[in-house]
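Residue numbers in the sequence shown follow the UniProt record's numbering, run continuously in steps of one, and reach 238 at the last position. The block underneath contains the structure these notes are about, expressed in structure tokens.
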Amino acid sequence: MDKNCLIQRKVLRSAVTKTISELDNCIAANDFPAASLAFTKLEEKTKRLFENDELVITYLSSHPDPDTDPDTIVENELEQNETYRDNFISAKVRFQEFSKIYEQKTQQLDISPSMDRLSINLPKLQLIDFDGNPKNWFSFWSMFQKIDEDPKIEDDVKFAYLMQTTKGKAFDFVQSYHVSKGEYKTVIKNLKTRFADDKMLIELYVRELLKLILNQSHNMSFTDLVDQLDTYLRCLEI
1 MDKNCLIQRK
11 VLRSAVTKTI
21 SELDNCIAAN
31 DFPAASLAFT
41 KLEEKTKRLF
51 ENDELVITYL
61 SSHPDPDTDP
71 DTIVENELEQ
81 NETYRDNFIS
91 AKVRFQEFSK
101 IYEQKTQQLD
111 ISPSMDRLSI
121 NLPKLQLIDF
131 DGNPKNWFSF
141 WSMFQKIDED
151 PKIEDDVKFA
161 YLMQTTKGKA
171 FDFVQSYHVS
181 KGEYKTVIKN
191 LKTRFADDKM
201 LIELYVRELL
211 KLILNQSHNM
221 SFTDLVDQLD
231 TYLRCLEI
């Protein structure tokens with residue numbers, strides 16, 4: 001077990017605390033799109049922190065301090081971990097309450113802002129997450145493009161939905177940008193360059209096509225083979 005998990009824990013705890021403060025500031029400013037984005041970031045960072053906590057406990061258990069009771073060390077770690085879990089739960093409740101109040105106010109004032117329209121229309125799209133794997137780009141973009149090209153949706157709201165529909169390397173790439181109307185078009189352009197460059201995608205699908213032809217499974221039916229070939233060829237046409 002690597003000692004780096006202790007360093008990683010310190011970084012993640014600081015990031016979680018900072019993001020909770022960012023969320024509270026957005027709530028205080030009554031900025032729902034920014035608060036939604038901040039909460040999405042908080043969920044991602046907290047998940048990584050909790051996963052790292054398990055590594056820390058395992059490391060400390062296997063590398064006891066001779067001057068300290070091992071049970072005491074583990075007990076202290078668990079208490080600290082519970083504190084961060086409580087902080088996350090409290091922040092989640094605050095965001096949920098803020099969301100309810102925001103929704104009630106927009107309904108009372110008979111206003112239909114961008115996020116309110118999205119809450120009505122977007123669930124029908126069945127958005128697909130993008131993890132940074134170029135092979136998954138077309139499936140993701142075929143759905144997200146409906147949001148990207150909708151003139152009724154503000155760019156900062158599009159940015160919030162982009163954060164919610166990316167994960168892994170793609171999420172890390174997107175969150176490195178500052179959420180704003182001006183940054184949205186930039187991050188989309190750079191996201192395509194980074195993960196969906198035309199030359200890279202062509203090479204990818206040509207390799208997949210050749211692999212399928214040269215190493216096709218004996219268990220694959222002719223119909224399945226034709227369908228798979230058709231899928232790769234259509235990707236190359238795009």
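For glycine and all other residues, C-beta sits at the position ideal for the given N, C-alpha and C. Please read these numbers as outputs of a predicted model, since none were measured by experiment.
Going by the CB atoms, is the gap between Lys189 and Asp131 shorter than 8 Å?
-> No, the Cβ-Cβ distance between Asp131 and Lys189 is not below 8 Å.
Pull up the distance between the alpha-carbon of Lys167 and that of Asn76, whole angstroms please.
-> Spanning the two alpha carbons is a distance of roughly 32 Å.
Residues bridged to Thr166 [DSSP beta-bridge criterion] | Among the bridge pairs identified by DSSP, Thr166 is matched with Phe130.
Of all the CB atoms in chain D, is at least one closer than 8 Å to the CB of Glu103?
-> Protein chain content of the structure displayed is limited to a single chain, and chain D is not contained in it.
Determine the direct distance from the alpha carbon of Thr165 to that of Asp156, and round the result to whole angstroms.
-> Going by the C-alpha atoms only, they are around 14 Å apart.
Hey, Tyr59 and Cys5: beta-carbon distance below 8 Å or not?
-> At a Cβ-Cβ threshold of 8 Å, Tyr59 and Cys5 count as neighbours.
Is the beta carbon of Leu42 less than 8 Å from the beta carbon of Thr19?
-> In contact: Leu42 and Thr19 (Cβ atoms closer than 8 Å).
By a C-beta neighbour count over all protein chains shown, 10 Å radius and 16 as the cutoff for buried, is Leu78 buried or exposed?
-> By the 10 Å Cβ count, Leu78 comes out exposed.
Would you give the residue range spanned by the alpha helix (DSSP H) that Asp150 belongs to?
-> That residue, Asp150, is in no alpha helix (DSSP H); it is neither H nor E in DSSP.
Status (buried if at least 16 other CB within 10 Å, exposed otherwise) for Thr193 = Counting C-beta atoms within 10 angstroms of its own C-beta, Thr193 has fewer than 16 neighbours from the protein chains shown and is therefore classed as exposed.
Leaving out five residues before and five after Phe88 in sequence, what residues of the same chain have Cβ atoms less than 8 Å from its Cβ?
-> Excluding positions up to five away in sequence, the list reads Val16, Ile20, Leu42, Thr46.
Endpoints, the alpha helix (DSSP H) within which Lys10 is located = First-last of the alpha helix (DSSP H) with Lys10: 4-28.
Proximity to Pro134 [Cα-Cα], best of Asn25, Gln145, Phe195 = Taking only the C-alpha atoms, the option nearest Pro134 is Phe195.
Burial state of Ser139 (16 or more Cβ within 10 Å) | With fewer than 16 other Cβ atoms within 10 Å, it is exposed.
Short Cβ contact (8 Å threshold) for Leu191 with Phe171 = No. Outside cutoff.
Three-state secondary structure (DSSP) of Tyr184 | Looking at Tyr184 - three-state DSSP - the assignment turns out to be helix.
Are there 16 or more other CB atoms within 10 angstroms of the CB of Glu44, so buried, or fewer, so exposed?
-> Here Glu44 is buried, its C-beta having at least 16 other C-beta atoms within 10 Å.
DSSP state of Ala196, grouped into three classes?
-> Coil at Ala196, not helix or strand.
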